[in-house]
Amino acid sequence: MFKLSPLMLGLIAPLSVQAYAQNISGQIQDQNGAAIANASISVMGSQQVVKSDQNGQFTLQTNKSSDVELHITAAGFAHQNKVVKEDEKGAATITVTLNTSVMEVIDIQASPFHASSMESSMPVSVLSGDALKAQQAATLGDTLSKQVGVHTSFHAKVASTPVIRGLSGPRVLITQNSLDVSDASRVGPDHSVASESITATQIEVLRGPATLFYGSGAIGGVVNVVDERVPTSSDTYGEFLIERATGDKQKLAAVNLNTGTGNFAMHLDGFVRESSDYEIPVPAELGDKPHASKDYTVENSAEDSHGVTIGTSYLFDQGYVGVSYGKMAREYGIPGHSHGNEAPDVYADLSQDRWQLLGKYSFDHAFLSEANFRAAYTDYEHSEIEHGEVGTLFANESQEARVDLMHQPIADWRGGLSVHYKRSDFSAQGAEAFTPPSVSTTFALALMEERHFGEVLVQLGARVERVTLDAPNVLLSGADLQAGGHNDHDHDHDHDHDQTAVDRKFDVDHEFTPVSLSIGAVWDYHPGYNIGFSVARAERAPAASELFSFGPHIGTGTYEVGALFKQKSDSLTFELNPQGIDLERSHNLDITWRKLEGDFGFVFNAFYNKIDNYYYQTNTGLMADDGHDHDHDHDYDHGETEQGDHGLPVYVFKTDDVTTHGFEAELAWQATDALNATFFADIVRARLKSGENLPMVSPVRFGTKLSYNLDKFTINLDVVRYQKQTHIAEHESSTPGYTLLDASLNYDYSALGQDWVVYLKGHNLTDTEARVHTSFLKDKAPMPGRSFALGLRGYF
């Protein structure tokens, strides 16, 4: 007979759940005393969730022997937390009164603390529900482009990443269910994000340093795409979508399905998208004269993508554990790439296989209250193809795992320890591989705590990382790029370096220890109002592309040189940088003022960020050989290489101290039962220590949205104004201002036992020329002109 040893009994005894259960009963009502049906009542630190009935009443069982904190939510109401004392359980029925809110209050999953977008000490935006469906685009950056504080890098509609408060690239981490998407989108703006918003349930944007939760790669913010690929419910529900658009002749179809039985849950989602070159109101190239009889398009901006995900979970009273597999493929053109009069067919072929393991376990332990674990394996490839041949192959194989161990309250402090591991094996191979293969590994420990002091919630955090960066084959050319000595290829891309130049290849192995600290507070100084305050000190290890790049980047049409190298004088000869490599250090202050309840609400944010050793790209104003054999003999003189059509502008990575500051505003007004109006504005300024402007910073922007509900019809009108950007860096051109007008009409109805929505969307209705200042292609590819989309969405 099997027996447990005394040691084993001692280890598992604290993990046992109390054998008795107690009931908590109550009623949810509004401020007028009317019952609120279908409100969600959850027990903090557990998986227990119940819904209120038509009378607003609920009953739940809890095994917790101590006080229980309930979190109550309902659509159109501000969230509320209520602590049920131990001696109240099983006694009188409790009553919870929720106040209406014009602001959309949504629980966020990007933070280990249980909070909503209106209860966080740091600014958070959440796009979900109908708002997400209305803004969904082919790329993540374009989907989020109307969120306050968020712009897009807009790479001709085929690729875009979010720009948060003027920061992007390796400073903005993009995650899927809180795990790195592990693609190549942070290496180049022409690289598409390997995460699909059309199958997402919500997208969360953490503005400002989120390094405590996600590591040094989140020094500028986090975008977390949330989906249900690992289901947490066995209920059967889903939706499907079909859409057809003008402008780019897009055809789109997508489906989401969740189902299950008993303790098992299943998920399936998939999408197919196909589009042609998109239409624009003016010639693509800035300065070209328009022709009245010509229709303009951005050439080579078509795409063809599809994906499918399956997932399953085992559900139990204390939590769940589940696994998912997703396959995504995307083929899209890379516009704006040409050599003189040539216009080669350059496109990207992306594929990704991704496994995810998610789980949560809640228990009544003497010390621990909850354990959350997440893991992912991603195999990503991205080929850049020219003249039908692979010029460069990017690959990223990554593994990531994170465990959050949350403890029981200690002197009223709640929180826990996070253990995080991530390894990325990134390579770029081919004649135009501008960055060498590298392996980066991160191991981190983070401690996060929070406590209420009356009406003030205080949040503390600290994180220490060990980051290693190993690049075994870094190339430094001894040739002067002006003379075409570096990366000078014949027509089949074989190297033919200047015989007098000496190339050096060497191993680089760097270790960094970033440390991040944060303190935040939320003060509910008056019912329906709060003030958030956050101070963070964060450090970031530079990315491999920022250090080791040395070569032509086909997608952006630039010649990139990393910070590991130093330019000699004003020539294009480079040597190793004697200053060495240092961490990027950010000191950030955020102040947020919110009004949550009633028919009028607002959120105001002010921020100040001082970044030491900031890594950034700057245009030298010089040109380098583009690495192609146009005349098959490379017979260029010096002037042609610098000024001719065959050169590439040389961008070098430098470090400097940078200060960014800005303001964000969001206001909402429920004018009548049918009419809702919102207004937003954001501004960011970014300067070097010398006072010069940082390049490619978002312009001032403000806009409004009107929504009118008339029985089964909903009319939306969006107007967004982008001001002229004149705060520019050396060798950077200003960008004219423009106004975008969008509108949509939805018709909701029921048929065949299902809910349906037919919608018509119009984009850029005034057919305005709009060039995005944060885009590398702003002078070659404006935003799409007037277009319409007709779609059908069904729910079951």
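Each residue of the sequence shown is one higher than the last, beginning at 423 in this note's numbering. Virtual Cβ for every residue (Gly too), placed ideally from N, Cα, C.
{"query": "Contained beta strand (DSSP E) runs [length at least 3] in the stretch 963–1021, N- to C-terminal order", "result": "972–975, 980–983, 987–989, 996–998 and 1006–1017"}
{"query": "Host alpha helix (DSSP H) of Q557 (start-end)", "result": "G551 to Q557"}
{"query": "C-alpha distance - P831 paired with G950, whole-angstrom precision", "result": "27 Å"}
{"query": "Where the alpha helix (DSSP H) through Y769 begins and ends", "result": "First-last for Y769: V768 to S784, but that is the beta strand (DSSP E), not the alpha helix (DSSP H)."}
{"query": "Other residues of its chain near Y783: CB distance less than 6 Å, five sequence neighbours each side excluded", "result": "Q740, G741 and A793"}
{"query": "CB contact flag (R608, G591, <7 Å)", "result": "yes"}
{"query": "Member of K1202, Y1037 and D1104 whose CA lies at the smallest distance from the CA of M1028", "result": "The amino acid occupying residue 1028 in the given sequence is Ala; Met does not appear at that position. Residue D1104 is the option with its Cα nearest to A1028."}
{"query": "Bounding residues of the beta strand (DSSP E) (the contiguous stretch that carries Y1073)", "result": "G1069 to Q1092"}
{"query": "Cβ-Cβ distance between F1124 and G973 below 7 Å", "result": "no"}
{"query": "Closest Cα partner of I1033 within the set L1011, K988 and V1025", "result": "L1011"}
{"query": "Cβ-based neighbour list, P1206, same chain, cut-off 6 Å, excluding 5 preceding and 5 following", "result": "G669 and Y700"}
{"query": "Option nearest S464 by Cα separation, candidates V490, Y1036, F795 and K927", "result": "V490"}
{"query": "Classification of K1111 by the beta-carbon crowding that lies within 10 angstroms, buried from 16 upward", "result": "exposed"}
{"query": "G588 and V1106 closer than 7 Å at C-beta", "result": "yes"}
{"query": "Three CB pairs or more closer than 8 Å across the stretch 1081–1094 and the stretch 996–1005", "result": "no"}
{"query": "Helix, strand or coil at P592 [DSSP, three-state]", "result": "helix"}
{"query": "A407 versus H829 - alpha carbon distance", "result": "Outside the displayed range of the chain (423 to 1218) lies residue 407, so it cannot be described from this structure."}
{"query": "Boundaries of the beta strand (DSSP E) in which Y1217 is found, first to last residue", "result": "S1209 to Y1217"}
{"query": "Neighbourhood of R959 by C-beta, 6 Å cutoff - its chain only, sequence neighbours within 5 removed", "result": "L939 and H1009"}
{"query": "F1218 versus G551: straight-line alpha-carbon distance, rounded", "result": "15 Å"}
{"query": "Same chain, Cβ closer than 6 Å to R1297, five either side skipped, listed in chain order", "result": "Residue 1297 is absent from the structure shown; the chain starts at 423 and stops at 1218."}
{"query": "CA-to-CA distance, T1082 to H919, given in whole angstroms", "result": "Any answer about H919 is weak, because its pLDDT of 41 lies below 50 and its placement is not dependable; what the coordinates show is given next. Each residue's Cα considered, the two are about 42 Å apart."}
{"query": "Short Cβ contact (7 Å threshold) for S723 with G755", "result": "yes"}
{"query": "Alpha-carbon spacing of I625 relative to K1076, whole angstroms", "result": "33 Å"}
{"query": "Secondary structure of I516, DSSP reduced to three states", "result": "strand"}
{"query": "Local Cβ density within 10 Å of N445, reported as buried at 16 or more and exposed below that", "result": "exposed"}
{"query": "Every unbroken beta strand (DSSP E) inside the stretch 660–720 [3 residues or more]", "result": "673–683 and 686–697"}
{"query": "Beta-carbon spacing of S547, V471 below 7 Å", "result": "no"}
{"query": "Alpha-carbon to alpha-carbon, T935 and F848", "result": "21 Å"}
{"query": "Which residues DSSP lists as bridging S840, in chain order", "result": "D826 and A868"}
{"query": "Contact set for L1199: own chain, Cβ-Cβ below 7 Å, skip 5 residues either direction", "result": "H577, A578, P757 and G758"}
{"query": "Buried versus exposed, by CB contacts within 10 Å (16 or more), S604", "result": "buried"}
{"query": "The stretch 981–998 contacting the stretch 657–671, beta-carbon criterion three pairs below 8 Å", "result": "no"}
{"query": "Own chain partners of W1246 with C-beta closer than 6 Å, once the 5 adjacent residues on each side are dropped", "result": "Look at the range of the chain in this structure, 423 to 1218, and you will see that residue 1246 is not part of it."}
{"query": "Under 7 Å between C-beta atoms of E872 and L601", "result": "no"}
{"query": "Minimum C-alpha distance to V825 - residue among E819, L815 and V841", "result": "V841"}
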